[in-house]
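For what it's worth, this note's numbering labels the leading residue of the sequence shown as 55, then goes sequentially.
See structure below.
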Amino acid sequence: MPARAFIVGCTGLALTADERAFLRDAEPWGLILFGRNVGAPGQIRALVAEFRDAVGRADAPVLIDQEGGRVQRIRPPLALSHPPAARYGELYARDPEAGVAAARIGAELMAGELLSMGITIDCLPVLDLPVDGMTQAIGDRAYADSPETVAALGQAVVEGMLAAGVLPVIKHMPGHGRATVDSHYHLPRVQADRATLEARDFAPFRALKHAPVGMTGHLVFEAIDPERPATLSPVVLSEIVRGHIGFDGLLMSDDLSMKALSGPVGESAAGALAAGCDLALHCNGDMGEMREVAAAAPRLEGRSAERAAAALALIATPAGTDLVALADQRDRLLERATA
């Protein structure tokens with residue numbers, strides 16, 4: 055029986071009895087981990103195994119936001135320290151070849167660590183273009199403010215992740231860099247005209263349209279659909295994400311429990327799926343909200359099921375990845391940015 059079209063979080067280091075029962079009955083497609091779920095590598099592996107046992111699928115995806123910098127759910131000493139995306143952008147500005155190499159190696163290194171703990175999807179790279187005067191919710195999570203630089207480094211990260219057998223996720227489609235407020239707390243509204251957005255903000259996503267997985271952003275593009283945030287907008291998702299950008303990979307919403315979206319979370323889940331998302335993402339682990347999302351999520355079928363299968367087919371376990379050697383290569387390259 056196919057999984058249902060949603061992803062959930064959990065509350066702690068191990069599943070509670072209620073969570074196990076919910077996962078068994080609701081059959082979500084995947085589980086996303088946060089700092090609250092991280093205690094030790096062995097504990098993470100046990101939690102991953104517990105989730106897969108509960109849903110009855112040995113290959114059930116486990117996701118995380120492990121970007122580097124301030125967004126790093128697994129931190130030292132449990133994992134290596136990883137720089138923010140902007141560090142790779144600084145190196146690229148001085149030496150494009152070294153910047154691309156460092157970004158690819160850094161992504162392969164990060165993915166190798168995650169896969170060793172059973173995590174198979176990393177919500178990276180961030181392809182948003184930061185704009186002066188906007189919220190710092192993106193900030194140094196972005197590689198640069200040049201579409202060409204972001205596309206080059208984003209492609210390197212996608213290749214590095216896939217080389218280590220982990221699925222990358224391009225985000226936040228179709229572009230979050232013009233947000234004036236943090237969508238974790240408020241709904242941003244973007245006033246730029248469509249021509250400007252297509253030339254700049256959407257360009258890195260278009261360059262990486264063949265990525266296996268993408269994530270939407272919770273923000274309103276007034277020139278395209280002034281009534282609905284991108285996650286809930288059939289216009290943005292069909293005309294821009296699937297149309298102009300040309301992305302035909304697996305598309306998930308950003309976290310539906312974020313304050314940018316108003317109203318019951320079940321309605322947001324239904325709206326995101328109706329608008330064109332393949333998967334609804336809910337992260338905070340609140341059981342009542344998860345039940346609402348589950349009730350709104352059908353089983354994966356049709357084109358969504360095909361996209362999910364194509365993405366999962368890319369997950370692999372490469373032999374003999376030397377994480378220490380990769381870390382040394384990455385750090386030597388990054389030193390050039392400050393030399």
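No residue lacks a Cβ here, since even glycine has one placed at the ideal position from N, Cα and C.
This one's a predicted model, so the numbers in the text were calculated from it and none came from an experiment.
Task: Cβ distance (whole Å) where H226 is taken to contact T270 below 8 Å - done: As a first step, residue 226 must be located in the sequence shown, where it is residue number 172. As a first step, residue 270 must be located in the sequence shown, where it is residue number 216. About 7 Å; that satisfies the 8 Å criterion.
Task: DSSP beta-bridge partners of V274 - done: Here residue 274 refers to the residue found at position 220 when the sequence shown is read from its first residue. Checking the DSSP bridge columns, you'll see V274 partnered with R243.
Open item on the list: I'd like to confirm the pairing. Which residues does DSSP put opposite P82 in its beta bridges?
Closed with: Here residue 82 corresponds to residue number 28 of the sequence shown, with the count starting at 1. In DSSP, P82 forms a bridge with R58.
Task: Inter-residue CB distance, R243 and E276 (contact presumed, cutoff 8 Å) - done: Locating residue 243 in the sequence shown gives position 189, where the first residue counts as 1. Locating residue 276 in the sequence shown gives position 222, where the first residue counts as 1. Yes, they are in contact, since the Cβ atoms of R243 and E276 sit about 6 Å apart, within 8 Å.
- [ ] Compare the Cα-Cα distances from A112 to each of A75, A57, E121, E213 and report the closest residue.
- [x] Taking the sequence shown and counting its residues from 1, the one referred to as residue 112 is at position 58. Selected option, being the one with the closest Cα: A57.
Open item on the list: Within 10 Å of its beta-carbon, does R386 have 16 or more other beta-carbons around it, so buried, or fewer, so exposed?
Closed with: Here residue 386 refers to the residue found at position 332 when the sequence shown is read from its first residue. So R386 ends up on the exposed side.
- [ ] Please check the pair L216 and V154, which I expect to be a contact at CB under 8 Å, by giving their CB distance rounded to whole angstroms.
- [x] Position 162 of the sequence shown, counted from the first residue, corresponds to residue 216. Position 100 of the sequence shown, counted from the first residue, corresponds to residue 154. Actually they are not in contact, since the Cβ atoms of L216 and V154 sit about 15 Å apart, beyond 8 Å.
Task: Pair within 8 Å by beta-carbon distance, G123 and R195 - done: Locating residue 123 in the sequence shown gives position 69, where the first residue counts as 1. Locating residue 195 in the sequence shown gives position 141, where the first residue counts as 1. Yes, these two residues count as a Cβ contact at 8 Å.
Open item on the list: Since V204 and L178 should fall inside the 8 Å C-beta cutoff, what is the C-beta to C-beta distance between them, to a whole number of angstroms?
Closed with: By one-based count along the sequence shown, residue 204 stands at place 150. By one-based count along the sequence shown, residue 178 stands at place 124. Going by Cβ atoms, the distance from V204 to L178 rounds to 13 Å, so no, they are not a contact pair.
TODO: Assign E355 to one of two classes, buried (16 or more other C-beta atoms within 10 Å of its C-beta) or exposed (fewer than that).
DONE: For the purposes of this step, residue 355 is taken as residue 301 along the sequence shown, with counting starting at 1. E355 comes out exposed.
Task: Close beta carbons around E252, own chain, < 8 Å, minus the five adjacent residues each side - done: In the sequence shown, counting from the first residue as 1, residue 252 sits at position 198. Cβ neighbours of E252 beyond the five flanking positions: H298.
- [ ] Excluding the 5 residues preceding and the 5 following R78 in the sequence, name in chain order all residues of the same chain whose CB lies nearer than 6 Å to its CB.
- [x] For the purposes of this step, residue 78 is taken as the residue at position 24 of the sequence shown. If we look at R78 and ignore the five residues flanking it on each side, its Cβ neighbours are A108.
- [ ] Please name the residue, chosen from A379, L327, A363, that lies closest to V347 on a Cα-to-Cα basis.
- [x] Taking the sequence shown and counting its residues from 1, the one referred to as residue 347 is at position 293. Among A379, L327, A363, the Cα nearest to that of V347 is on L327.
- [ ] Alpha carbon to alpha carbon, how far is E151 from G84? Give it in angstroms, no decimals.
- [x] As a first step, residue 84 is located in the sequence shown; it is residue number 30 there, counting from the start. As a first step, residue 151 is located in the sequence shown; it is residue number 97 there, counting from the start. Their backbone Cα atoms lie some 36 Å apart in a straight line.
TODO: Tell me whether the beta-carbon of I118 lies closer than 8 Å to the beta-carbon of D186.
DONE: Position 64 of the sequence shown, counting from 1, holds the residue named residue 118. Position 132 of the sequence shown, counting from 1, holds the residue named residue 186. Not a contact, by the Cβ cut-off of 8 Å.
- [ ] Under 6 Å Cβ to Cβ from V295, same chain only, skipping five residues before and after it: list those, please.
- [x] Start at 1 with the first residue of the sequence shown, and residue 295 comes out as number 241. Excluding residues within five positions, the ones whose Cβ falls inside 6 Å are M227, P228, F301.
TODO: Decide if G63 is buried, meaning its Cβ has at least 16 other Cβ atoms within 10 Å, or exposed.
DONE: Locating residue 63 in the sequence shown gives position 9, where the first residue counts as 1. Flag for G63 reads buried.
- [ ] Determine the direct distance from the alpha carbon of P115 to that of A233, and round the result to whole angstroms.
- [x] For the purposes of this step, residue 233 is identified with residue 179 of the sequence shown, where counting begins at 1. For the purposes of this step, residue 115 is identified with residue 61 of the sequence shown, where counting begins at 1. Taking the straight line from one Cα to the other gives about 30 Å.
Open item on the list: Could you give the first and the last residue of the continuous beta strand (DSSP E) run that contains G410?
Closed with: In the structure as shown, the chain starts at 55 and stops at 393, and residue 410 therefore has no counterpart that could be examined.
Open item on the list: How far does the beta strand (DSSP E) with E121 in it extend, from its first residue to its last?
Closed with: Position 67 of the sequence shown, counted from the first residue, corresponds to residue 121. Going by DSSP, E121 is part of the beta strand (DSSP E) stretching over 120–122.
Open item on the list: Check whether the segment 164–172 and the segment 139–151 are in contact - that is, three or more C-beta pairs closer than 8 Å.
Closed with: no
TODO: Please list, in chain order, all residues of the same chain as V289 whose beta carbon is under 7 Å from its beta carbon, the five residues on each side excluded.
DONE: As a working mapping, residue 289 is identified with position 235 in the sequence shown. The residues are I278, D279.
Open item on the list: Quick check on this structure: which residue in G330, R99, A349, C337 has the alpha carbon closest to the alpha carbon of E321?
Closed with: Start at 1 with the first residue of the sequence shown, and residue 321 comes out as number 267. Distance from the Cα of E321 is smallest, within the candidate group G330, R99, A349, C337, for A349.
TODO: Look at the alpha carbon of E213 and the alpha carbon of R158, and state the distance between them as a whole number of angstroms.
DONE: The count along the sequence shown starts at 1 and reaches residue 213 at position 159. The count along the sequence shown starts at 1 and reaches residue 158 at position 104. The straight-line gap from Cα to Cα measures roughly 7 Å.
TODO: Drop a sphere of 10 angstroms on the beta-carbon of H336, count the other beta-carbons inside from all chains shown, and report buried for 16 or more, exposed for fewer.
DONE: Sequence index remark: in the sequence shown, residue 336 carries index 282 (1-based). Result: buried.
TODO: Please look up how many angstroms separate the CB atoms of R127 and L87, rounded, as I've assumed it's under 8 Å.
DONE: Taking the sequence shown and counting its residues from 1, one reaches residue 127 at position 73. Taking the sequence shown and counting its residues from 1, one reaches residue 87 at position 33. Indeed they touch by this definition, with Cβ atoms about 6 Å apart.
- [ ] Entirely within the segment 91–157 and at least 4 residues each: give me those alpha helix (DSSP H) ranges in chain order.
- [x] 95–109, 139–148
- [ ] My understanding is that L145 touches A156, with C-beta atoms under 8 Å, so please give their C-beta distance in whole angstroms.
- [x] Within the sequence shown, residue 145 is the residue found at index 91, counting from 1. Within the sequence shown, residue 156 is the residue found at index 102, counting from 1. About 6 Å separates the beta carbon of L145 from that of A156, a gap short enough to meet the 8 Å contact definition.
Task: Rounded straight-line distance, which links the Cα of E389 to that of S287 - done: Here the question's residue 287 lines up with position 233 in the sequence shown. Here the question's residue 389 lines up with position 335 in the sequence shown. Inter-residue distance for S287 and E389 is about 43 Å (C-alpha atoms, whole angstroms).
Task: Other residues of its chain near S394: CB distance less than 8 Å, five sequence neighbours each side excluded - done: Residue 394 lies beyond the range of the chain shown here (55 to 393); nothing can be said about it.
Task: Beta-bridge partners of K225, as assigned by DSSP - done: Translated into the one-based positions of the sequence shown, residue 225 becomes position 171. Partner(s): V180.
TODO: Sort T392, D309, V211 by Cα distance to P266 and report the nearest one.
DONE: For the purposes of this step, residue 266 is taken as the residue at position 212 of the sequence shown. When only C-alpha atoms are compared, the closest one is V211.
Task: Sheet register partners of D199 (DSSP bridge) - done: Residue numbering aside, residue 199 sits at position 145 when the sequence shown is read from its first letter. D199 pairs with nothing; no bridge assigned.
- [ ] Starting from the C-beta of E81, find all residues in its chain whose C-beta is less than 6 Å away, skip the five residues before and the five after it, and write them out in chain order.
- [x] Mapped onto the sequence shown, residue 81 falls at position 27. Cβ within range, chain order: A57, R58, V109.
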